[in-house]
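Start counting the sequence shown at 1; every next residue gets the next number (the UniProt record's numbering). Step one of this worksheet: look at the structure below.
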Amino acid sequence: MTTSARSLDLSSIYATFSQEVIARVRISLPPHAYTYRDYLSLPASQRSNDEMDTVAQQFSRYVLEWLGFSESSWSFDRTVPGQRKNRPDYQVYSQISSIRRTAFIWENKNTTHELAAEDLAQMRRYSMRTAGYAVWCNMRRILAVRFSADDTLTYTTLADIDVVALSDPTPPDDVRIVQTTQLAHFSLLFRAARFNSFADRIKHLAVDEATFLQNAERLDNEERIQSFIAGSRDVLDYLRLAALARIREGRVQKQDALAEEQRLIGEWNDATSTLVSAIASWLPKFADELRSTVERLTARVGMLSREDIQQVVVHVEENIPSRGQAARRSVLESWEDVAVRVNVAMRSLRFHGTAPYVVADAYQVWGERQTDRADVTEERFAEQVAYVFFVRLLLIRILEDKQVIPKRLASDGGFMAWDTYVKERFSELGEQGILSGNYYRLLAQKAGHYYLHFFQQAVFDWFIPDDYLLIETLFFLSGFLFTDVQSDIIGLTYESYIDRQARNRKGHFLTQPAVVEYMLDVAGYSGPEILGRTFLDPAAGSGSFLVHAARRYRQALVTQICTSTRIAVSEATLAEDPERRTALAYQFLNALTTLFFGLEINPFACYLAEMNLLIQALDDLSVVQGQSVDYPIERFHIYNTDSLAMPREVLGRGDLTSLTIQSLSIMDRLSERIIDEAYPIKARIDSFAAGFFYVISNPPYISAARVDLATNYQTHPFFEIVLGGTTNTYLLFLRLGMYYVSFGGRMVFIVPLSIIGDETAAEARHQLTRPPFRLSTILRSFTGNILFPGVDQAVAILRIDADILPTETSTSLMQKMVQVGGGATVPELRERTTTVPITDVVANTPTSPAWKNAWLVSTEPTTYQIWAHLRTIATHVMEELWLGKLEVRKGDAASNHLNPFRQGRNHSPVVGDLAIQKGEDVHRYAPLSPHPSDWVRPKASSPTTKIDRSVQATLQRIQSLTQPEKGFTIRKIARLNTRERLIGTWFERGPDKLMLIPDDQWRFRILSSGTEDYAKALLALLNSRMIAYLVNLFSTNNNVAQNDLARLLIPEPSTFPVQTLAVLANQALTARDALEQKYVLSYGAKLPDEDSGTVFISPIRVLQQHPHIPTLSVTDLVARGTIRKMGAASKMRSVMQHGRISYVGIAPDAIAAYDAFFDEAAREDQTWIAIQMRRMPDPAAAVIWLPLYRQVLADAQAAWDQFVAIQEQIDDAVYAWYGLNSEAVWCAAIHDGLPWSRRRSRVMPTTE
């Protein structure tokens, strides 16, 4: 598809228009010459009669040139004063073969003229016997319309540009966005290339079947599918732009219409006030009654009948005394005249304003159905509207290629027939139109014959683009043959189309196919046992689980039919017998419309799910059609509903499961069925009373702390039983699964890893192990990107079987086994599984409330062995070590509470200011940063709020310290899943070193009963591998909660090796301080994340420390021919990876030196151009510099290794305290870390 780059880049379109049109306008009014904006700022009297010389000969001509037309492409009609005008100012032509056709007409008005109805009538007249495109311009505004070929009284606004607002150098953001969008759409539909290529597109589409099949590319492999997906983006961008322009125009028009309605209501109210005031002077008591009567009518203005107004008149006349009746009658007639006029005007306004109301209302309805308010934007709506239109045409093409539609309509002979019909009967279109509205409705009507729910999404149905965009879409789709399509091509194309930021925010539209397939395997969803059993996804998204399950169901049918008729199990064998093949088709279509159910709040996702399921049905629908049998599919059971909006009888019961559902008494309310078509499912009435055998889903993970949930679910017993703290929607959906799954059925969910050990999921864990539920499988991800590429979300896959009776004893339950597994990828998850007793997983933690029913999930037997040992010898908890000796708090004050007291990062501190030591600046055993992130200062006057007074008191307490205050701080956010240890260091503060620790750390402050040695010993313990191992064993998120530390099992506290650990802690603090002073501060050293890692020191910093070494810039070295760069790559990372740097005539030491500098540029992701002025040693001096650099590196590495050795001594001392020093295998396992906490390879190391 040939596109112009500027047609898609809004900023480029705006820039070129400003340069090529606005900037060129120069109006001479001697003695002055004015720019565009200066001229329009003149009084209207000075700008009269400027239509010809200013608007037509300058502005309009420049716009036409900007659109790509030349003077030979138009004819200009110069108006002769006093003569009736019968031709437009500009008649613009396109070149089709050797024939010139009218592309559009252009009518100019002077800059003081406002658009009037007669202007549109004039343009309509000029557009007769053309395709109907017309532009009206007064230099302040450009209005582009298309008059309908089949209805001369209607037109479509294609673009409405406020050029004055667009030319403003500093407009409000919303104005710039709206006007630039309108301009871009105008450019897209009226550029010269678009008109000139239109006939070529028609010619390409209007071919016979043989030519079509010869040119089309079969989508029969992954490579071609990816090619289709990539190519669809241009078409979708065009459609999105058109939809966006319509949405913005529709919303503006509705606002204008509402403003006009308010003006009419104002006229109504003014007339009523006049009437009531007059009546009040005659009949005060009747005036109040009259006011109430008229006010009741006010809400219905525009819908009133003449009789409604007349009744008021009659009622007043009956109450007016005969004396002075003529004067009073005059006042009444005046009100009646205004009331009738306003009522008719309001009715007319609403009638003619239907179109913008439809678009604006569709946007409003769509917005109300979005779960994430960040998604409610015009851009996102336009994206989805465009995609629905694209998908509908795609589905029509698939229906054709799979021969469900027996005679083609949108390709080969089908389009040829339409094109011939249009050319014969609408010659005035001049090969510039195909009556897209009529054609599209024809296609939709035909498609709807096979799937009745094809056009049942009113929020999307309003959009039918211009002929050009319809042809561009068909042109793209005609390049492919969709006979072989079976994949989730609709969801895959959309995921590729939306921007990355949106995918990260709402990846729930499409779960990765590998994950879906694996979850179906975990559920045992395959083979004959799935036949006849129902399947529900309560968070269906685009239908990934339903689509993959449907394919498996179909394969199970193939196996069953082949086995029962004793033929080889393959579809190819089955297809040889028409009777068997037809039986398969009927059975699968019946199953697809009776056994598969999806609930989804997002209407767009529902549409994708329906279309994806329809694709699965098409081959079998084609077989049925081949039997000359009409088999229209009414709809699939995909319901646009809020899954969490349950009937009130359900919300009031916390005990509802398949065992207790029979006790639920619920009314079958018609109002509920009308409002929510999924009500029978939610109420478990009718055929849904038994529930669903398979409930499989990837629910949304939305925390109430991140998104303000509209409902307080904790107030409903139904949801309350799974909520132990902050509400997260995945817990609510787990509860739905527990409600919907039938007895004997299975639910498989992929949810955040917090389900295993987080406090907020404690109640859910408890409920999932009570009858009738049994944990059958639990699998944990070792990384955060297993679910969606580029999205950091560690997850777990649960299978819960609902097959336990209340009468089953706890002893027999505890004898059951559970499958556990884990991995960094889906293949690893498949491979790394084992079976352990269920007690090892769900009943393996102390019974104290602090442990919150945490589950122990590991793939390594040593994990369970180590934990069993600890349960035996470690019978105390970590909290006992610090109680009474150290005060533990989440920092001194909350970060957001400090805002009123902050002085700014670049603040020059004065005496009494406190440095803020943020958690990101805390490193293991390292001195706190001498360059704090910010400063705070107590307020001079007493704060007025409770929070500010609390912070003020804290700051003043620290400020008034007379003796040093000591302790240590632990990062609250320690990134455990990528760290070997917790991260903590020592702090001291006092009169000469005032500092404040915010709440991104756990602050341990020594109390009067504690000692420095004891605190340092505790710091060493918490920084040890042993503690990181124990925390990682059960913690499933990145935050280290105080409870995570407090509940850790420890040996007898009286045996805590205080002196040994305190001495080692002092050594670690000293060694790390030396590292920081000598290498981090002096050379900017980057210390490794891993203990076994390598220290990196910038060669630039070392060179700067030795100014006596002569240097040359990269530019100098390239000019000398010493350094040569090959190839076009600009990123240094790519340059170095592919060996694109070569050296000429220099010694090996110089080569090694320069490689070090270039490697650093690659680390920093710099470009070749950016490093041109970088200084490097002169080749002659490299022999001196390189040994210096290598020695600094070696010394820094030795210092780091010494620091690590001290930490390993600490580890050994802690192992000994836990009685592990004789268990080498266990110590090695702890040293290596748990599988999910082991470090993954990185492109570039980062600072610890």
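Built from N, CA and C at the ideal position, the CB exists for glycine as well.
For residue i, three-class secondary structure by DSSP
i: A678; result: coil
i: H876; result: strand
i: W106; result: strand
i: S334; result: helix
i: A893; result: strand
i: F1096; result: strand
i: N590; result: helix
i: F636; result: coil
i: K1086; result: strand
i: Y126; result: helix
i: D89; result: coil
i: residue 1251; result: Since the first and last residues shown for the chain are 1 and 1248, residue 1251 lies out of range.
i: K506; result: Low confidence applies here, because K506 scores a pLDDT of 47, under 50, leaving its location unreliable and the question unanswered by this model.
i: T657; result: coil
i: S1130; result: coil
i: K1125; result: strand
i: A15; result: helix
i: Y1215; result: helix
i: D162; result: strand
i: L886; result: strand
i: E114; result: coil
i: F426; result: coil
Same chain, Cβ closer than 7 Å to residue i, five either side skipped, listed in chain order
i: T1060; result: A1213
i: K1125; result: V1135, R1140, I1141, W1168
i: V313; result: L332, E336
i: R554; result: F588
Endpoints, alpha helix (DSSP H) assigned at residue i
i: residue 1321; result: Outside the modelled stretch of the chain, which goes from 1 to 1248, sits residue 1321, for which no answer is possible.
i: Y439; result: 436-448
i: L64; result: 61-66
i: P827; result: 826-831
i: H907; result: Here H907 belongs to no alpha helix (DSSP H), and DSSP marks it neither H nor E.
Chain-order list of residues whose beta-carbon lies under 8 Å from that of residue i (same chain, five-residue window excluded)
i: N319; result: L283, F286
i: S1113; result: Q1172, M1173, R1174, R1175, M1176
i: M817; result: T835, V836, P837, I838
i: V936; result: L898, F901, R902, Q903, D913, L914, I916, L955, L996
Own chain residues within Cβ distance below 6 Å of residue i, not counting five before or after
i: S622; result: K402, Q403, V404
i: T783; result: A824
i: F1096; result: K1086
i: Y34; result: I27
i: V376; result: G367, Q370
i: Q819; result: T777, T833, T835
i: F604; result: Q384
First through last residue of the beta strand (DSSP E) which encompasses residue i
i: W1236; result: Element bounds for W1236: n/a, residue is neither H nor E.
i: M747; result: 741-752
**Ordered list of beta strand (DSSP E) runs contained in the region 1156-1212, each at least 3 residues** = 1175-1177
**Prompt:** Within the chosen definition, does the region 905-916 reach the region 1021-1031 through at least 3 CB pairs nearer than 8 Å?
**Reply:** With a cut-off of 8 Å, the region 1021-1031 and the region 905-916 do not count as touching, because too few Cβ pairs lie within range.
**Request:** Take every Cβ of the region 138-150, pair it with every Cβ of the region 107-127, and state whether three or more of those distances are shorter than 8 Å.
**Result:** Touching, per the Cβ criterion.
**Request:** Identify every run of the beta strand (DSSP E) within the region 928-1005, keeping only runs that are complete inside it and at least 3 residues long; order them along the chain.
**Result:** 934-936, 965-971, 984-989
**Request:** Pick out the complete alpha helix (DSSP H) segments inside the region 351-406, 4 residues or longer, and give them in chain order.
**Result:** 354-368, 378-401
**Message:** Closer than 8 Å is the cut-off here; do at least three beta carbon pairs connect the region 1018-1025 with the region 894-913?
**Reply:** no
**Message:** In chain order, what are the residue ranges of uninterrupted alpha helix (DSSP H) at least 4 long that sit wholly in the region 549-608?
**Reply:** 571-575, 578-592
**Asked** If you pair each beta-carbon of the region 986-993 with each one of the region 952-972, do three or more pairs fall below 8 Å?
**Response** yes
**Asked** With contact counted as at least three CB pairs below 8 Å, one residue from each stretch, are the region 1049-1069 and the region 883-901 in contact?
**Response** no
**Request:** Evaluate contact between the region 327-343 and the region 265-276, counting only Cβ atoms and requiring at least three cross-stretch pairs below 8 Å.
**Result:** yes
**Prompt:** With a cut-off of 8 Å, do at least 3 Cβ pairs link the region 469-484 to the region 230-245?
**Reply:** yes
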